[in-house]
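Numbering (the working numbering), first residue to last: 258 to 498. Glycine included, C-beta positions come from ideal geometry on N, C-alpha and C. Predicted, not measured: the structure shown is a model, and the values here were computed from it.
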């Protein structure tokens, strides 16, 4: 019975939010804060699906400072959960095919996000050059999902090198954004689907102490540990509710 209310409500909210975002993006196309606005608005739908979002940001992370953000990518609910952690001045790197999704794709493009053609390795490398230029010239941050695909309950998957090459090229710190487990978290006929903890860790500069591959492995291990810690904390918080 709850699903009969929740699914239409989610559809209506998604439609309304997209209309608002489309207007925002048309009024200020490619503005540096469009992605932040989208994350804030989409996250409003978390309440409809019964999720409580808690974001913890390390005080060392400064608003409008350029960083390379890396985040875990779990499932389709990411757009209403971890994306709330997108701070002002951040753009994402996403698949070029996203722009063909009606309304959402146009919003994604007009938000100033960088589109990558995964089928063409040459163009993919050029996309990282574009991202480096954005960071250097516009002082924007870039958000990537280094796993490259959704994990669907498989934990933190191995990382790809792109985010760390970008951080090395731009000499900007890496900020790790980790959300607690979302796999099978949402039950459509349950009002309260619990808590999602999202942690924004302190910036880490990529020094010469490690190679790009070593940094990639380092952050993969760090995110796995953070993911496990957040899941433990969520279990404790939900037990005390």
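Just to confirm my understanding: we take residue i, look at its own chain, exclude 5 residues before and 5 after, and list those with CB closer than 6 angstroms. What are they?
i, result
"residue 365", "355"
"residue 465", "none"
"residue 336", "299"
"residue 410", "440"
Does residue i pass the burial test, meaning 16 or more other C-beta atoms within 10 Å, or should it be called exposed?
i, result
"residue 293", "buried"
"residue 284", "exposed"
"residue 406", "exposed"
"residue 447", "exposed"
"residue 278", "buried"
"residue 433", "buried"
Relative to the C-alpha of residue i, which candidate in the options has its C-alpha closest?
i, options, result
"residue 397", "346, 341, 330", "346"
"residue 388", "402, 258, 372", "372"
"residue 273", "298, 261, 286, 263", "298"
"residue 327", "452, 458, 304", "458"
"residue 300", "383, 270, 318, 316", "270"
"residue 394", "409, 427, 367", "427"
"residue 479", "498, 497, 265, 456", "456"
"residue 220", "471, 450, 472, 441", "Any property of residue 220 remains undetermined from this structure, which presents the chain solely from 258 to 498."
Can you tell me the Cβ-Cβ gap for residue i and residue j, rounded? I've got them flagged as a contact below 8 angstroms.
i, j, result
"residue 369", "residue 288", "7 angstroms"
"residue 341", "residue 312", "6 angstroms"
"residue 484", "residue 412", "7 angstroms"
Within its chain, find whatever has a CB closer than 7 angstroms to the CB of residue i; leave out the 5 residues flanking it on each side and keep chain order.
i, result
"residue 385", "419, 422, 423"
"residue 438", "488"
"residue 452", "309, 311, 491, 494, 495"
Just to check, is the beta-carbon of residue i closer than 7 angstroms to a non-hydrogen atom of the ligand ADP?
i, result
"residue 418", "Looking at this structure, you won't find the ligand ADP or any other ligand, since it has none at all."
Report yes if the C-beta distance between residue i and residue j is below 8 angstroms; otherwise report no.
i, j, result
"residue 454", "residue 490", "yes"
"residue 338", "residue 303", "yes"
"residue 402", "residue 476", "no"
"residue 267", "residue 320", "no"
"residue 399", "residue 350", "yes"
Short of 8 angstroms in beta carbon distance, which residues of its chain neighbour residue i, apart from the five on each side in sequence? Order them along the chain.
i, result
"residue 430", "324, 325, 424, 460, 461, 462, 463"
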